[in-house]
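Participant:
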Amino acid sequence: MTNSGANTGGPSAAPRRRSKAVRRLVIALLVLVALLVAADFGAAAVFEHEVSKRAQQQFDLRDHPSVKVGGFSFLLQAAAGEYDLVTIDAKGVPVKDTLRDVDVHADLRGVQAPLSDLVSGSLTQVPIREVEGQVRIKAADVNRAIQENSNEVVSAITNLTIDPVSEKAVNTAPAEGEETEEDGAEVADQEGTTAGVKLCGTVAIAGQETELCVFSIVSLDGGAVTIAPKRLELRNGGSDVKLPTAIQGKVLQLFTRRLDPGSLPFKVTPTSVTVERGVLSVKGKAENLVLGR
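79 is the number that full-length UniProt numbering gives to position 79 of the sequence shown; each next residue is one higher, with no gaps.
1) Measure the Cβ-Cβ separation of residue 294 and Gly196 and say whether it is below 9 angstroms.
2) Kindly give me the distance between the Cβ atoms of Ile88 and Ala106, rounded to whole angstroms, as I take these residues to be in contact under 8 angstroms.
3) Return the CA-CA distance between Ala169 and Pro65, expressed in angstroms with no decimal places.
4) Taking buried to mean at least 16 other C-beta atoms within 10 Å of its own C-beta, is Gln134 buried or exposed?
5) Within this structure, are the beta carbons of Lys198 and Asp163 separated by less than 9 angstroms?
6) Which residues mark the beginning and the end of the alpha helix (DSSP H) in which Val165 is found?
7) Any chance you could list the alpha helix (DSSP H) runs of at least 4 consecutive residues sitting entirely within the region 84–115, in chain order?
8) Figure out for me which residue from Leu289, Leu264, Asn288, Val290 has the closest Cα to the Cα of Val282.
9) Please report the distance separating the alpha-carbon of Val69 from that of Phe266.
10) Roughly how many angstroms lie between the CA atoms of Glu191 and Ser219, to the nearest whole one?
11) Could you tell me which uninterrupted beta strand (DSSP E) segments, each at least 3 residues in length, are contained entirely in the region 210–246, listed from first to last along the chain?
12) With 16 other CB atoms within 10 Å as the buried threshold, where does Thr274 fall?
13) Considering only C-alpha positions, which residue in the set Arg109, Gly92, Lys96, Val111 is nearest to Val102?
14) Between Gly278, Asn288, Val290, which lies nearest to Asn143 when the distance is taken from Cα to Cα?
15) Quick one: what's got a C-beta closer than 6 angstroms to Gly262's C-beta in the same chain, skipping five residues either side?
16) Name the residue from Arg129, Leu61, Thr98, Phe215 whose alpha carbon lies nearest to the alpha carbon of Glu86.
17) Could you check what DSSP says for Ser19 in three-state terms: helix, strand or coil?
18) Can you tell me which residues form a DSSP beta bridge with Val279?
19) Would you list the residues sitting across from Thr124 in a DSSP beta bridge?
20) Please report the Cβ distance between Thr210 and Asn236, rounded to the nearest whole angstrom; I am assuming they are in contact, meaning their Cβ atoms lie under 8 angstroms.
21) Measuring only the C-alpha atoms, how far is Cys213 from Gly222?
22) Thr256 and Val203: beta carbons closer than 9 angstroms?
23) Grab the span of the beta strand (DSSP E) containing Leu259 for me, first residue to last.
24) Verify whether the separation of the beta carbon atoms of Asp260 and Ala228 is less than 9 angstroms.
25) Starting from Phe72, trace the alpha helix (DSSP H) in both directions and tell me its first and last residue.
26) Alpha carbon to alpha carbon, how far is Leu76 from Glu50? Give it in angstroms, no decimals.
27) At the level of alpha carbons, what is the spacing between Ile137 and Lys53?
28) Can you give me the Cβ contacts of Gly110 inside the same chain, cut-off strictly under 7 angstroms, excluding the 5 residues immediately before and after it?
29) Output yes or no for whether 9 angstroms exceeds the beta carbon distance between Leu234 and Leu243.
30) Which residues in the same chain have their Cβ closer than 7 angstroms to the Cβ of Leu99, if we skip the five residues on either side of it in sequence?
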């Protein structure tokens, strides 16, 4: 008669041992992956902090800007000494008395910074293959600039909004009884030296709250944005309002402005102006620059 206790090392025990070995291997791999991910994030944080310090100096900012490294695996990029994409964002940058809340954005491609220099603290200059810089002027700052031009016709504008429209819509008034074609979605991504914009707000005319929309062309003037109003639309209680030509001229003059948002990041030369919902944007590109010089 066979003793059943003698089968503890038989065929049924082998699968259990393999199952335990597989579980240990999986746990070990998970721990290794977690350590690699933690190391990746830690190294990226060191790099982002170093770049942020140099960007603060280069942009002459009061606070450190936000820096993010794009692409898969920071450590793999660090081993090669070059990073695919690094983005820098500074929010609420005061430029002048009028422009108090400008956003600065830069996309840095082909950033060269060896990890050894980062860890040792010897990194002083960071070569960059290509930079695309952008500054964004918000509606509140545009409204503040317009208020500086206030006259006896319009003394205050509230709830100012910025929307993209085609240059055709700016220059062509709609037929009687028709509304201006809303084509902002089609033109928002177009870039050039001019763009169409619709600036709308609430004003008091003859003691009555009136919705005012001024259709203008924005263009580059050096690094500044000029607003050239072409026509206006007024509505009071859902009805169109017509003003005498002389009064219309005074209202349009109010919106004639030149906004200088300061230099683009890295002294990039402005090449285009765009209109997005809520902001006027100036962009430019440059190649073969050095961060920290």
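All C-beta atoms, glycine included, are put in the ideal place defined by N, C-alpha and C. As the structure is a prediction and not an experimental result, all values here were calculated from the model.
Facilitator: According to the structure shown:
1) Look at the range of the chain in this structure, 1 to 293, and you will see that residue 294 is not part of it.
2) That belief holds up - the Cβ atoms of Ile88 and Ala106 are roughly 4 angstroms apart, short of 8 angstroms.
3) Straight-line spacing of the CA atoms in Ala169 and Pro65 works out to 38 angstroms.
4) Under this definition Gln134 is a buried residue.
5) In contact: Lys198 and Asp163 (Cβ atoms closer than 9 angstroms).
6) Segment 157–165 is the beta strand (DSSP E) holding Val165; no alpha helix (DSSP H) there.
7) Within the region 84–115, no complete alpha helix (DSSP H) run reaches 4 residues.
8) Of the candidates Leu289, Leu264, Asn288, Val290, the one whose C-alpha sits nearest the C-alpha of Val282 is Leu264.
9) The alpha-carbon atoms of Val69 and Phe266 are separated by roughly 18 angstroms.
10) Whole-angstrom Cα-Cα distance: 11 angstroms.
11) Counting only runs of 3 or more, we get 224–236, 239–241.
12) Flag for Thr274 reads buried.
13) Comparing Cα-Cα distances from Val102 to each of Arg109, Gly92, Lys96, Val111, the minimum goes to Gly92.
14) With respect to the C-alpha of Asn143, the residue from Gly278, Asn288, Val290 having the closest C-alpha is Gly278.
15) Cβ-Cβ distances below 6 angstroms link Gly262 to Val95 in the same chain, with the five nearest sequence neighbours on each side left out; the list follows chain order.
16) In the sequence on display, residue 86 carries Val and not Glu. When only C-alpha atoms are compared, the closest one is Arg129.
17) It is helical.
18) According to DSSP, Val279 bridges with Lys138, Glu276.
19) Answer is none; Thr124 lacks a bridge partner.
20) Correct: roughly 5 angstroms between the Cβ atoms.
21) If you take the alpha carbons of Cys213 and Gly222, they lie about 27 angstroms apart.
22) No, the Cβ-Cβ distance between Thr256 and Val203 is not below 9 angstroms.
23) Counting along the chain, the unbroken beta strand (DSSP E) around Leu259 starts and ends at 257–259.
24) The answer is no: Cβ separation not under 9 angstroms.
25) No alpha helix (DSSP H) contains Phe72, which DSSP labels as neither H nor E.
26) Their Cα atoms are separated by approximately 18 angstroms.
27) So the alpha carbons of these two residues sit roughly 24 angstroms apart.
28) By the criterion of a C-beta distance shorter than 7 angstroms, Gly110 is surrounded in its chain by Glu82, Ile128, Arg129, Glu130, once the five residues flanking it on both sides are discounted.
29) Result yes, Cβ atoms of Leu234 and Leu243 sit closer than 9 angstroms.
30) Cβ within range, chain order: Ile137, Asp141, Leu259, Pro261.
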